[in-house]
Every structure is written in structure tokens, then in C-alpha cells.
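K.L.:
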Amino acid sequence: MTTYQYGYILLRERLGQATLEDDWRVEDARNRIPRSVRESAPLVEILSRFGEQGWQVAAAPAPRVSVDEHGDTLTQYFLVKETRDAA
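Heads up, the sequence shown is in the working numbering, so the first residue is 71 and it goes up one at a time.
(1) From the DSSP output, in three-state form, read off Leu-80 for me.
(2) CB-CB under 6 angstroms to Leu-80, same chain, minus the five flanking residues each way: which ones, in chain order?
(3) Considering only the alpha carbon of each residue, which of Tyr-78, Asp-138, Thr-143 lies closest to Pro-131?
(4) Taking all protein chains shown into account, do 16 or more other C-beta atoms lie within 10 angstroms of the C-beta of Leu-85, making it buried, or fewer, making it exposed?
(5) For the putative contact between Ala-111 and Ala-88, defined by C-beta atoms under 8 angstroms, what is the C-beta separation to the nearest angstrom?
(6) Closer than 6 angstroms by C-beta to Lys-151: which residues in its own chain qualify, once you throw out the five before and the five after it? Chain order, please.
(7) Over the uninterrupted beta strand (DSSP E) stretch that includes Leu-113, give me the two end residues.
(8) Counting along the chain, where does the beta strand (DSSP E) carrying Val-96 start and finish?
(9) Using C-beta distances below 7 angstroms, list every residue in its chain close to Arg-154, excluding the 5 sequence neighbours before and after it, in chain order.
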């Protein structure tokens with residue numbers, strides 16, 4: 071049987087570095103990622119660290135992107151984790 075878990079992360083990007091601002095339902099994966107990476111790393115590195123924990127960016131809905139008053143880009147990525155149980 072295949073089960074799916076869903077969650078999201080909100081990343082703030084500034085000058086090529088990203089910071090994990092918020093998350094929902096991905097706490098176990100977040101806690102396994104070093105704090106230094108969560109607080110300032112290239113976007114690709116943060117997403118790949120979640121990938122190492124089995125979380126992938128969902129095909130839909132598309133990431134939500136906005137720009138704040140400081141010019142930082144805020145992107146909300148929806149994540150999905152597929153788990154297959156041995157039958």
C-alpha cells in the first residue's frame with residue numbers, strides 16, 4: 071500500500087542564499103537538517119536536504135512566490151513524501 075504525506079516549507083531568498091522561514095508537517099525532516107543550512111544556504115541545498123529525507127517538491131500546486139518590502143523573494147514550496155508499505 072502506498073501512502074502520501076503532504077507539507078510545505080517557506081523560504082526567504084536574499085543575495086543567492088535562502089533561509090527556512092516556516093514549515094508545516096515536515097518537522098522530522100527539518101530537525102535532521104543542520105541549523106546552519108536552515109538559516110543560510112543556497113536554495114538548491116535546502117531543497118536537496120529535504121529530498122534526502124524523502125520529501126520532494128510537489129508537481130501541483132505550483133510554488134507560491136512573492137516579494138516583500140525589502141526585496142526578498144518568499145517562496146512557498148508544497149512537498150510530498152511517498153511511503154510504500156510491504157504487502
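Where is the CB? At the ideal position from N, CA and C, for every residue including glycine. None of these values were measured; they are calculated from a predicted model.
P.N.:
In terms of the structure at hand:
(1) Residue 80 sits at position 10 when you count from the first residue of the sequence shown. Of the three classes helix, strand and coil, the one that applies to Leu-80 here is strand, per DSSP.
(2) Counted from its first residue, the sequence shown places residue 80 at position 10. Once the five neighbours on either side are set aside, the close Cβ partners of Leu-80 are Glu-91, Asp-92, Gln-146.
(3) Your numbering for residue 131 matches position 61 in the sequence shown. Checked all of Tyr-78, Asp-138, Thr-143; the closest Cα to Pro-131 is Tyr-78.
(4) Mapped onto the sequence shown, residue 85 falls at position 15. Exposed: under 16 other Cβ atoms inside 10 Å.
(5) Taking the sequence shown and counting its residues from 1, one reaches residue 111 at position 41. Taking the sequence shown and counting its residues from 1, one reaches residue 88 at position 18. Going by Cβ atoms, the distance from Ala-111 to Ala-88 rounds to 6 angstroms, so yes, they are a contact pair.
(6) Within the sequence shown, residue 151 is the residue found at index 81, counting from 1. Counting only Cβ-Cβ distances below 6 angstroms, and skipping sequence neighbours, we find Gln-75, Gly-124, Trp-125.
(7) Here residue 113 corresponds to residue number 43 of the sequence shown, with the count starting at 1. From DSSP, Leu-113 is part of no beta strand (DSSP E) but of the alpha helix (DSSP H) over 113 to 122.
(8) Here residue 96 corresponds to residue number 26 of the sequence shown, with the count starting at 1. Unbroken run through Val-96: none, as it is neither H nor E.
(9) Within the sequence shown, numbered from 1, the residue matching residue 154 stands at position 84. Excluding positions up to five away in sequence, the list reads Thr-72.
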